[in-house]
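Take 5 as the starting number for the sequence shown in my numbering and just add one per residue.
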Amino acid sequence: MSNNIFTDTLKGIKRERPPVWFMRQAGRVLPSYMKLREKYSFREMMQNPELAAKVTLLPVNDLEVDAAILFSDILVIPEALGMELKFTEKGPVFDTPLQNTSNQFSELQADVSKLEHIYKALDIIKQEKPEDIALIGFCGAPFTTFCYMVEGNSANHNFSKAIKLFYNNPEISEKILQKITDLSVEYAIGQTKHGIDVFQLFETHAGLIPSDLYMERILPHVHRITNAVRTAGVPAIFFPKGLGTGIAHINSETADFVSIDWQYSLPEARKLIDPKIGVQGNLDPRILSIDDKKMIEKELNKFKFFGETNPNWIFNTGHGLMPDNKVDNVKFVVDWVKNTDWKRD
Ligand code: CP3
């Protein structure tokens, strides 16, 4: 046992309570982030290593979570492949999405120097973070990154152009996926060299294709990334949002932990997943926008029995925190997790 409840839980060591953190905790709901955001754009904060390190550590201080997640974005990979990206009011937009495929995709050229500032941010975070707080690195999983690169933006939640290309031209799609994966592997290894304690792979749009097809055409790419990280001695968490019963195919070959979306019953998901791996999740983040803490507590209490009987569980939301979540509700959840008696002797 160490003083780090997060890394202990990842290693399978039974601790007195589950560790707690939130996807999208760095930004969005924190008044301290909003204040910085008045002065700097999202890109400025992401690209300046001192500012990125500062934002990464804000939730550790303001929310008292057990882990800090690097402040960056999954779309740094397409950018480092040469695609022009803008973060607008309506979300990320690529000037020239990969819709005219064949010749366009062959122009994708990895420039790893575009990721250097992120490694610098990790070095600073590593120096400044408290010892008992875990540092989470991350990357977008290949299919979600593919969806953004082909669609060009997230205005159409069906990503219909990307899905059409995926079905219509498997060969080109596979080549794009390979380019994404090659660079993601290098980037993930780079993060392990700069001291991350754990790595999370975000497959936000896994649910856009049938889960059998996901296993066939995407999971091998996922394995290349998670294997690289795990070979470097860093545990991997995989978040395949919307994969449904496909999670039954996720085993210890894929990751150390799997993050469950809020649509799923956590105990049901647990039954489907390889007992050798742990689970993370899965409070519905939208409940953190209401006023009545009693209603939130009612939902939290549903996790009690699960937490008493499952020490290989990390508490999180079932997707990222939302812009209208209330910060005092988020803090309430952290306190609830920390103050609950999990009866784990
Ligand atoms: O979790 C964290 O707090 C760490 C940082 C982080 C961001 N994005 C910061 C961000 C992480 C892990 C991501 C991952 C990410 N980015 C995903 C996968 C996870 C998920 O939530 O589904 C996806 C699909 C993206 C792409 C992306 N980046 C979108 C769709 C948007 C715009 C809408 C939105 O969700 O805010 C972004 C911008 C972005 N990424 C912001 C932040 C804090 C908002 C920037 C701002 O302040 O305007």
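We treat Cβ as the ideally placed atom computed from N, Cα and C, and that holds for glycine. Just so you know, these numbers come straight off a predicted model, no measurement behind them.
- If you ignore the 5 residues before and after residue 222, its C-beta comes within less than 7 Å of the C-beta of 146, 147, all in its own chain and listed in chain order.
- Spatial neighbours of residue 130 in its own chain (CB-CB distance under 8 Å, excluding positions within 5 residues in sequence) are listed in chain order as 139, 198, 199.
- Under the criterion of beta carbons closer than 8 Å, residue 177 and residue 169 qualify as touching, at roughly 6 Å.
- With at least 16 other beta carbons inside 10 angstroms of its own, residue 49 counts as buried.
- Just measuring C-alpha positions, the residue of 15, 328, 306, 336 sitting nearest residue 33 is 328.
- Restricting attention to beta strand (DSSP E) runs no shorter than 3 residues, the stretch 98-159 encloses them at 138-144, ordered along the chain.
- Residue state for residue 233 is assigned as helix, using DSSP reduced to three classes.
- Taking every protein chain shown into account, the CB of residue 27 has 16 or more other CB atoms within 10 angstroms, so this residue is buried.
- Cβ contact annotation for residue 74 (same chain, cutoff 6 Å, sequence separation greater than five): 60, 141, in chain order.
- Per the Cβ contact rule, the stretch 208-219 is not in contact with the stretch 187-196 (fewer than 3 Cβ pairs under 8 Å).
- Restricting attention to 334, 85, 312, 257, the CA atom closest to the CA of residue 149 is found in 85.
- If you keep only unbroken beta strand (DSSP E) runs of at least 3 residues inside the stretch 217-270, you get 240-244, 261-263.
- One alpha carbon belongs to residue 338, the other to residue 172, and they sit about 46 Å apart.
- The stretch 89-97 makes no contact with the stretch 115-129, as fewer than three CB pairs between them are under 8 Å.
- Counting the other CB atoms within 10 Å of its CB gives residue 251 a total of 16 or more, which places it among the buried residues.
- Look at residue 317 here: in three-state DSSP terms it is strand.
- Taken through DSSP and simplified to helix, strand or coil, residue 195 comes out as helix.
- Inclusion of residue 142 in the 6 Å shell around ligand 1 follows from its C-beta lying nearer than that to a non-hydrogen atom of the ligand.
- Nearest C-alpha to residue 181 among 227, 314, 302: 227.
- Residue 292 and residue 18 have their C-alpha atoms some 28 Å from each other.
- Ligand 1 has no heavy atom closer than 6 Å to the beta-carbon of residue 92.
- Close CB contacts of residue 24 within its chain, under the 8 Å cut and outside five residues either way in sequence, are with 69, 70, 318, 319, 320, 337, 338, 341, 342 (chain order).
- For residue 90, no alpha helix (DSSP H) run applies; the uninterrupted beta strand (DSSP E) run containing it begins and ends at 89-92, by DSSP.
- Look at residue 72 here: in three-state DSSP terms it is strand.
- No heavy atom of ligand 1 is found nearer than 6 Å to the CB of residue 196.
- In this structure, residue 166 keeps its C-beta atom at 7 Å or more from the C-beta atom of residue 203.
- At the C-beta level, residue 185 and residue 225 come within 7 Å of one another.
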